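Each position in the sequence shown, counted from 1, maps to that position plus 47 in the working numbering.
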Amino acid sequence: MFQFISPPLPHFIFCGEDTYPAGGRHSDRSGIGVFDLLIVTRGCLYMAEESVPLIIPAGSFALLRPDRSHRTTEPCREETHFFWAHFQTLGSWHETEAELAPTVLRPDDVLHEIHRFAYYLPRAGTLLSPDAAYAWLRQLLALQSHASSSSQWRQQLVFQELLLRLQEDTKLPESNSYLKIAGEAAAFLRRNYRDALTYKAMSEALHFHFNYISLCMKRAYGCTPLQYLTRYRVEQAKRLLIDTDESVGRIAEETGFGSSPYFVRCFSRQVGTTPGSFRMQFR
Numbered sequence: 048m049f050q051f052i053s054p055p056l057p058h059f060i061f062c063g064e065d066t067y068p069a070g071g072r073h074s075d076r077s078g079i080g081v082f083d084l085l086i087v088t089r090g091c092l093y094m095a096e097e098s099v100p101l102i103i104p105a106g107s108f109a110l111l112r113p114d115r116s117h118r119t120t121e122p123c124r125e126e127t128h129f130f131w132a133h134f135q136t137l138g139s140w141h142e143t144e145a146e147l148a149p150t151v152l153r154p155d156d157v158l159h160e161i162h163r164f165a166y167y168l169p170r171a172g173t174l175l176s177p178d179a180a181y182a183w184l185r186q187l188l189a190l191q192s193h194a195s196s197s198s199q200w201r202q203q204l205v206f207q208e209l210l211l212r213l214q215e216d217t218k219l220p221e222s223n224s225y226l227k228i229a230g231e232a233a234a235f236l237r238r239n240y241r242d243a244l245t246y247k248a249m250s251e252a253l254h255f256h257f258n259y260i261s262l263c264m265k266r267a268y269g270c271t272p273l274q275y276l277t278r279y280r281v282e283q284a285k286r287l288l289i290d291t292d293e294s295v296g297r298i299a300e301e302t303g304f305g306s307s308p309y310f311v312r313c314f315s316r317q318v319g320t321t322p323g324s325f326r327m328q329f330r
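So this is what it looks like as structure tokens:
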């Protein structure tokens, strides 16, 4: 599978559809510079990306890397129709197996740290709802014939719906179930950041022992639940310091830190300056 760090989200470039007769072959290409998504509606494509074989039957898809060569391993045995879509990302991405290196998402600026997230797309798979995916692709083709800015904007929205469909229709390997648990834990912490973190409440909400939840978050995000929660609270505090005139003590209460001294220590450790000095930078 591929891991994309977003934002920015992968962006749509161009799409099309082709029909190959029996004996037809997909073009051999190398380093085309864009991700190439192939979705077969009937027939089958027989391909390889460098040494990795890719057999793509009807109702399935494959995602080809922008920096490798791909080729046909054998011609189509029957008439084969497929959609293709090219896309790229301005953010970081890499291919990953079951084990992921711990990732701590760093801020691009003072407000955006916690809003970055890992976005996963399978390398290949079978669509559970192929007709829905085909419908998104037909919309992309229809929008492509219009040059207006609103059509281009709509293209990006439709493309994100297509990627979400691919993600939802194909399950991660069982060994990667920790990603789902880590994501649910992160969402729980964001919802309840104003409250005191209790191991019991988190375990009961997620139906896993807190030690296991913590292990999953360390593998997925490179931090413990408490570290994640502290980072998120600091990000909420930044917004209040910039957008309101509330006192540091009041902001400490509203963001779940409780005491002002503890808030100042956590904020200074993460941001490198005190809440008061941070506020003065924007006033």
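We put the CB at the ideal spot given by N, CA and C, even for glycine. Please read these numbers as outputs of a predicted model, since none were measured by experiment.
- Rounded to the nearest whole angstrom, the CA to CA distance from LEU175 to LEU276 is 35 angstroms.
- Taking a contact as a CB-CB distance under 8 angstroms, the pair GLU97 and LEU111 does not count as one, their CB atoms being some 10 angstroms apart.
- DSSP, read as helix, strand or coil, puts ALA165 in strand.
- In this structure, CYS123 and GLY71 form a Cβ contact; the two beta carbons are roughly 5 angstroms apart against a cut-off of 8 angstroms.
- VAL295 is the residue among ALA132, HIS117, ARG201 and VAL295 whose C-alpha sits nearest the C-alpha of ARG312.
- LEU190 and VAL87 have their C-alpha atoms spaced approximately 21 angstroms apart.
- With the rule of 3 Cβ pairs closer than 8 angstroms, the stretch 243 to 251 does not count as touching the stretch 204 to 219.
- If you check the CB distance, PRO113 and ILE79 come in under 8 angstroms.
- ILE52 sits in a strand when the DSSP states are folded into three classes.
- No Cβ-Cβ contact shorter than 8 angstroms links THR119 with CYS91.
- Per DSSP, the continuous alpha helix (DSSP H) segment holding PHE257 begins and ends at 257 to 268.
- Closest option to GLU142, judged by alpha-carbon separation, among PHE130, ALA171 and ILE228: ALA171.
- Where PRO177 is concerned, the enclosing alpha helix (DSSP H) starts and stops at 177 to 191.
- Here the alpha carbons of TYR166 and PRO57 stand approximately 9 angstroms from one another.
- Around the beta carbon of LYS227, fewer than 16 other beta carbons sit within 10 angstroms, so the residue counts as exposed.
- The alpha-carbon of ILE298 is positioned some 39 angstroms away from that of ARG201.
- Annotation: SER324 to GLY269 spans about 29 angstroms, alpha carbon to alpha carbon.
- Closest in alpha carbon position to PHE82, among LEU168, ALA69 and ILE103, is LEU168.
- Residue MET327 holds the alpha-carbon nearest to the alpha-carbon of THR291 among TYR181, SER197 and MET327.
- If you draw a straight line from the Cα of GLU282 to the Cα of GLU231, it comes to about 19 angstroms.
- Between the alpha carbons of TYR93 and ASP178 lies a distance of about 22 angstroms.
- Ranked by Cα distance from ASN239, the options PHE108, SER107, PHE304 and ILE103 are led by PHE304.
- Just so you know, the alpha carbons of LEU273 and THR321 end up roughly 21 angstroms apart.
- A Cβ-Cβ contact shorter than 8 angstroms links TYR225 with ALA267.
- In the structure shown, PRO122 adopts coil according to DSSP, grouped into three states.
- The three-state secondary structure of VAL81, taken from DSSP, is coil.
- Here GLY106 is buried, its C-beta having at least 16 other C-beta atoms within 10 Å.
- For the pair LEU288 and ALA233, the Cα-to-Cα distance works out to about 24 angstroms.
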